[in-house]
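For the sequence shown, counting from 1, position 55 maps to 55 in full-length UniProt numbering; every step adds exactly one.
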Amino acid sequence: MRTRPPPATPMTQPTLPPPPRTRFTVSDFNRMGGSVGFNYRLPGQEGGGAGIENLCIAEGRVEECEIRPGITLIVSDVHVYHHYESTSVMTPRFSAIVMLQGQARARLDKQDDVRLAAQSGLNALYGDTVAMTGVHPAGQRLRSVNLSVTAPEAADDEYTSEIIWKLMQSSAPRLRRWPVPHHLLLSIEHLLECGWDQPLRNMVREGVGTQLLAHALAALQHAPVTHRGLTQRDRQLLERVRERLHEAPGEDHTLDDLARLACMSPSTLRAKFHAVYHRSVFSWLRERRLEVAREQLARGWSVQQAAHFVGYRHATNFATAFRERYGVAPSQLG
């Protein structure tokens, strides 16, 4: 009589504890950024002497990974303690940035600042005579990824390489914001939280980097189609609504109130907001509420406190939404 082999046990992913938090000084940032030409400073404190160089301006982790020669991915998760700026005159490159949490401003040469807010993306195209400046306000947690391409031939195929090469030949430097699809935000979230060992983590980095590059290039190619019928004023008014939701997620927002803020009818706001941000007004608000609630739970708040703070009247409804979004009950964090 033949015996049945024992059932196979599922493979478990080897994991490591989260990387330790590192305290970063101006000197640390200058050392890390020096290889790519960035210089860091604290505006208003330049005359502070050697002590400024050793002042802790941020704490957390910054990982730099060369996905392949010519393509670099930087993953950052830091708490910013002091307002700082970074400036560099770069070699020609194409950069795609996604801000998962926090906010910053970017500027190319003498152009106006472009604001980079949570859950949004930014493409940057610049050459070797253009200064790139980033402004990072204090008192926030910054979680972001930055993909830089200096060698178009590093892309996987000739078609993609040709697209990047043509973009980098443009004589005019450009900064352009783009809406980040929800599934890409989830992939970046996983990368930031991933505790897998190095070989598997490298695979995740490469996968996220490839997705990010594809969506960033698509945003440049398809921007006229995506934003057809939207004026610059429309975009500014929609950004006003998005900023309101970002800054005050716990308020009792209504579509009528937000439409008045945008100087649009409710139906127009609904359609144009979705066209720009690829999700409905209240889907965006729900995501922001859960993000803020998770931050408060990590600080030791109770589930009920976090739920009420972000606008949920009933903790049970909040717990259901939180579990659907993050895959764990909020009580496991609080």
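Where is the CB? At the ideal position from N, CA and C, for every residue including glycine.
| field | Collapsed DSSP secondary structure at P330 in the structure displayed | value | helix
| Rounded distance between the beta-carbons of L285 and L269, thought under 8 Å | No, L269 and L285 are not in contact; Cβ-Cβ is about 13 Å, not under 8 Å.
| request: Determine the burial state of Q101: buried for a count of at least 16 other Cβ atoms within 10 Å of its Cβ, exposed for fewer. | output: buried
| query | For Q140, which residues from the same chain have a beta carbon less than 6 Å from its beta carbon, with the 5 sequence-adjacent residues on both sides left out? | reply | V80 and G102
| Inter-residue Cα distance where the pair is S280 and R325 | 16 Å
| Can you tell me the Cα-Cα spacing of Q211 and Q236, whole angstroms? | 28 Å
| message | Residues in the same chain with beta-carbon distance under 8 Å from L297, minus the five sequence neighbours each way, listed in chain order, please. | response | V303, A306, P330, L333 and G334
| said: Could you compute how far the alpha carbon of L191 sits from the alpha carbon of I52? | reply: 33 Å
| query | What span of residues does the alpha helix (DSSP H) with Y81 cover, start to end? | reply | Neither: Y81 is in no alpha helix (DSSP H) and is coded neither H nor E.
| request: Could you tell me whether the region 72 to 88 touches the region 141 to 148, using the rule of 3 or more Cβ pairs below 8 Å? | output: yes
| field | Member of Y277, R288, N39 and V292 whose CA lies at the smallest distance from the CA of P179 | value | Y277
| Straight-line Cα distance separating T25 from R294 | 28 Å
| message | Please classify H215 as buried or exposed, where buried requires at least 16 neighbouring CB atoms within 10 angstroms. | response | buried
| query | With respect to the alpha helix (DSSP H) encompassing P179, which residues constitute its N-terminal and C-terminal limits? | reply | Segment R174 to P179 is the beta strand (DSSP E) holding P179; no alpha helix (DSSP H) there.
| message | Per the DSSP calculation, G195 is bridged to which residue(s)? | response | Answer by DSSP bridge pairing: none, since G195 is not bridged.
| If you check the beta carbons only, do L175 and L108 fall under 8 Å apart? | yes
| task | Name the two residues that bound the continuous alpha helix (DSSP H) containing Y159. | result | E158 to M168
| query | Ends of the alpha helix (DSSP H) at T150? | reply | Run containing T150: none; DSSP gives neither H nor E here.
| request: Let me know if V328 comes out buried or exposed under the rule of 16 or more other beta-carbons within 10 Å of its beta-carbon. | output: exposed
| Are G60 and T22 closer than 8 Å when you measure CB to CB? | yes
| field | Cβ-based neighbour list, R105, same chain, cut-off 6 Å, excluding 5 preceding and 5 following | value | D113, R115 and V135
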